[in-house]
Amino acid sequence: MLAKIHSGAVLGIDAFRIDVEIDITLGFSAFHLVGLPDSAVRESRLRIQSAMENLALDFPRSRRVTVNLAPASIRKDGTALDLPIAIALMVAQGDVPQSGPLDLRRYLIVGELALDGTVRPVRGALSLAVLARDEGYEGVIVPAENAAEAGVVQGIDVVAIEHLGTLIAALQGRSDIDDLRHISTPPTSDPFDTSVDFAQVAGQAPVKRALEIAAAGAHNILMIGPPGSGKSMLAKRIPTILPPMSFEEALETTRIYSVTGHLRDQGLMQRRPFRAPHHTISDVGLAGGGSGVPRPGELSLAHNGVLFLDEVAEFRRSALEVLRQPLENGSVSLTRSMLSVTYPASLMLVAAMNPCRCGHFGGPDDRCQCSINDVRRYRNRLSGPLLDRIDIHVQVPAVPYAEIRRAERGESSQAIRSRVCRARKRQIQRFDDVDLHANSQMGPDLLRLHCQLDEENHQILESAVDRFGLSARSCDRILKVARTIADLAGCRALAAEHLAEAIQYRNLDRQHDSLGRLAG
Numbered sequence: 003m004l005a006k007i008h009s010g011a012v013l014g015i016d017a018f019r020i021d022v023e024i025d026i027t028l029g030f031s032a033f034h035l036v037g038l039p040d041s042a043v044r045e046s047r048l049r050i051q052s053a054m055e056n057l058a059l060d061f062p063r064s065r066r067v068t069v070n071l072a073p074a075s076i077r078k079d080g081t082a083l084d085l086p087i088a089i090a091l092m093v094a095q096g097d098v099p100q101s102g103p104l105d106l107r108r109y110l111i112v113g114e115l116a117l118d119g120t121v122r123p124v125r126g127a128l129s130l131a132v133l134a135r136d137e138g139y140e141g142v143i144v145p146a147e148n149a150a151e152a153g154v155v156q157g158i159d160v161v162a163i164e165h166l167g168t169l170i171a172a173l174q175g176r177s178d179i180d181d182l183r184h185i186s187t188p189p190t191s192d193p194f195d196t197s198v199d200f201a202q203v204a205g206q207a208p209v210k211r212a213l214e215i216a217a218a219g220a221h222n223i224l225m226i227g228p229p230g231s232g233k234s235m236l237a238k239r240i241p242t243i244l245p246p247m248s249f250e251e252a253l254e255t256t257r258i259y260s261v262t263g264h265l266r267d268q269g270l271m272q273r274r275p276f277r278a279p280h281h282t283i284s285d286v287g288l289a290g291g292g293s294g295v296p297r298p299g300e301l302s303l304a305h306n307g308v309l310f311l312d313e314v315a316e317f318r319r320s321a322l323e324v325l326r327q328p329l330e331n332g333s334v335s336l337t338r339s340m341l342s343v344t345y346p347a348s349l350m351l352v353a354a355m356n357p358c359r360c361g362h363f364g365g366p367d368d369r370c371q372c373s374i375n376d377v378r379r380y381r382n383r384l385s386g387p388l389l390d391r392i393d394i395h396v397q398v399p400a401v402p403y404a405e406i407r408r409a410e411r412g413e414s415s416q417a418i419r420s421r422v423c424r425a426r427k428r429q430i431q432r433f434d435d436v437d438l439h440a441n442s443q444m445g446p447d448l449l450r451l452h453c454q455l456d457e458e459n460h461q462i463l464e465s466a467v468d469r470f471g472l473s474a475r476s477c478d479r480i481l482k483v484a485r486t487i488a489d490l491a492g493c494r495a496l497a498a499e500h501l502a503e504a505i506q507y508r509n510l511d512r513q514h515d516s517l518g519r520l521a522g
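For what it's worth, our numbering labels the leading residue of the sequence shown as 3, then goes sequentially.
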């Protein structure tokens, strides 16, 4: 007897439909699984057989079984096809009706089976739910632990399964299928994290100003300062001043976490992600990759949020160079011999580093033991092309004890965030006719249109270029930051003070100039 069940698999963050076709005939006992399955899919036969026999269900041991996973031209990996293959076997044997309490032709099914029939969670349930909605299916049948993420998609029925026996009983009419339906709850409004706040940071007013500008325009920022100056503390509070995610941003971010298996009993992600990998991370861990279908790395996991690289000069040079293309394009393209996958990676890079290896260069107590050449070699671990892609460089000095002792409460994250949101709203209105939402994303044409300079400002910028040897890309970064400063001030045109402040945020360029003169 022939049976067909619809399922799906994930490629990148998008799902595609897989038709599980099963034919059971008389003949020598055999179980053929075709359609480019990987080893995990081929092993599904053993999991399915054990689960069915432990539930006293009939597994076709003495017949010829052919399982085809269509389209056969795409390689299938993972364990999500266990449940649909098991249901297809039951339908082919006549143990479960194709259209009983549920019309199985109108549902997409995924799930991994344990040997006792427990249904385990899988990756990409949210993407599968989006596929079901887009292709006009009535709903999805997913593991119970994936129900919350699948329920994010409105307009489809989500059936949550904890055990194969429970689903079989419902399909045979021995229990109520309505008991298995997941009731999705609407997401709450932007959940603000109150455990960290900029009000907890003593002093550092100039640095907070730079971080506010970075958040307002989604600019990449580099903080340079001695150990203990508060770089990490400041970085962890950046998400508290970023604008709330739109539904589209939240959905795309949630899909990335879904395909990596990071979601467990969680629906829509509403807080912007904050990723802080250790400096020993590999190139693959940062950009993504791996055997089989390439998986997202930290760059994609930070999509629509913050990627914080603490002690950035200690990262492998090859890992840092991986950042260049994603910071420019907002995506990561991973190519294998027969496959190419693109993951979104539109993020705000926040990096922190010491001024030298010992961390005390330029300090007031003259504790640094590094030579000028040592300092230059340390800072040169960040290549010129990477530094050009970081809009803001800011010095983070050590806070004097007297200032810490005063313990005066600073401005709250909520107050800073309100200004950031107003500035970001101006940018969204400015870019209403293009697919952009922040000044940092402007290309050359938009820069010429929205960052026009008068003669005085041209002279200011030309003087900075001549003195610090700025590249053309650095000039573009200065103009983008100046545009954000003007937005925070509510100004339509760029003024000299906006441009001058933006130039001050090329701190490392100015320090390279000073180091060059000292070494000479």
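The C-beta atom is built at its ideal place from N, Cα and C for all residues, glycine as well.
No experiment lies behind these values; they were computed from the predicted model shown.
Residue interval of the beta strand (DSSP E) (run including residue i)
i    : result
L13  : L4 to L13
F317 : Note, F317: premise wrong, no beta strand (DSSP E); not H, not E.
I20  : D16 to T27
R338 : S333 to R338
T344 : L341 to P346
Euclidean distance between Cα positions of residue i and residue j
i    : j    : result
G518 : F18  : Its pLDDT being 48, under 50, G518 is placed unreliably in this model, and the value from its coordinates should be taken loosely. Taking the straight line joining both Cα atoms gives about 56 Å.
G10  : D79  : 11 Å
L520 : S373 : No answer about L520 holds up, because its pLDDT of 40 lies below 50 and its placement is not dependable.
L325 : A162 : 39 Å
L510 : P228 : 15 Å
D434 : G126 : 32 Å
E164 : V98  : 18 Å
L4   : C423 : 58 Å
R432 : L71  : 48 Å
V22  : P86  : 7 Å
D367 : L309 : 33 Å
L59  : I170 : 10 Å
I50  : V155 : 29 Å
P245 : Q174 : 50 Å
A252 : R421 : 22 Å
H395 : L341 : 38 Å
A90  : D84  : 10 Å
R379 : D16  : 44 Å
E140 : I76  : 25 Å
E413 : K427 : 22 Å
L117 : K6   : 23 Å
G299 : T262 : 9 Å
E457 : Q506 : 20 Å
G291 : R338 : 9 Å
For residue i, the first and last residue of its enclosing alpha helix (DSSP H)
i    : result
G158 : Here residue 158 is Ile; the residue named in the question, Gly, does not match the sequence. No alpha helix (DSSP H) contains I158, which DSSP labels as neither H nor E.
R379 : I374 to R381
V255 : A small correction: the amino acid at residue 255 is Thr; Val does not occupy that position in the sequence shown. Segment F249 to V261, the alpha helix (DSSP H) holding T255.
A88  : D84 to A94
F363 : No alpha helix (DSSP H) contains F363, which DSSP labels as neither H nor E.
P62  : No alpha helix (DSSP H) holds P62; DSSP gives it neither H nor E.
L384 : It is not in any alpha helix (DSSP H) - L384 carries neither H nor E in the DSSP assignment.
T187 : Note, T187: premise wrong, no alpha helix (DSSP H); not H, not E.
V436 : Segment: none, V436 is in no alpha helix (DSSP H) and carries neither H nor E.
Q529 : The chain is shown from 3 up to 522; residue 529 falls before or after that span and cannot be answered.
M235 : K233 to K238
E457 : E457 to F470
K78  : Premise fails: K78 is in no alpha helix (DSSP H) and is neither H nor E.
Supposed close pair residue i, residue j - CB separation, criterion 8 Å
i    : j    : result
V343 : V295 : 7 Å
T68  : D25  : 5 Å
L130 : V142 : 6 Å
A204 : V352 : That pair is no contact at about 20 Å.
A216 : M350 : 7 Å
L481 : A488 : Incorrect: roughly 10 Å between the Cβ atoms, too far for contact.
S473 : R508 : Between R508 and S473 the Cβ distance is about 11 Å, and since that is not below 8 Å, they are no contact.
I226 : Q371 : So it is not a contact: roughly 18 Å between Cβ atoms.
For residue i: DSSP bridge partner residues
i    : result
Q397 : I226
L35  : V69
H165 : T120
D105 : S101
I179 : Answer is none; I179 lacks a bridge partner.
V352 : I223 and F310
I243 : The partner list for I243 (beta bridge, DSSP) is empty, contrary to what the question assumes.
I111 : I143
G290 : P298
Indicate whether the contact test is met: 3 or more Cβ pairs, each with one atom in the stretch 96 to 112 and one in the stretch 61 to 75, closer than 8 Å.
Judged by Cβ distances under 8 Å, the stretch 96 to 112 makes no contact with the stretch 61 to 75, as fewer than three pairs qualify.
The stretch 463 to 470 contacting the stretch 438 to 454, beta-carbon criterion three pairs below 8 Å
Touching, no, given that fewer than three Cβ pairs across the two stretches are closer than 8 Å.
Stretch pair the stretch 435 to 444 + the stretch 212 to 226: three plus CB contacts closer than 8 Å
The stretch 435 to 444 vs the stretch 212 to 226: in contact.
Is it the case that the stretch 382 to 399 contacts the stretch 310 to 322, given that we only count it when at least three CB pairs across the two stretches are under 8 Å?
yes
With a threshold of 8 Å, are at least 3 pairs of Cβ atoms found where one atom belongs to the stretch 196 to 210 and the other to the stretch 267 to 285?
Remark: fewer than three beta-carbon pairs, one from each stretch, lie closer than 8 Å, so the stretch 196 to 210 and the stretch 267 to 285 are not flagged as touching.
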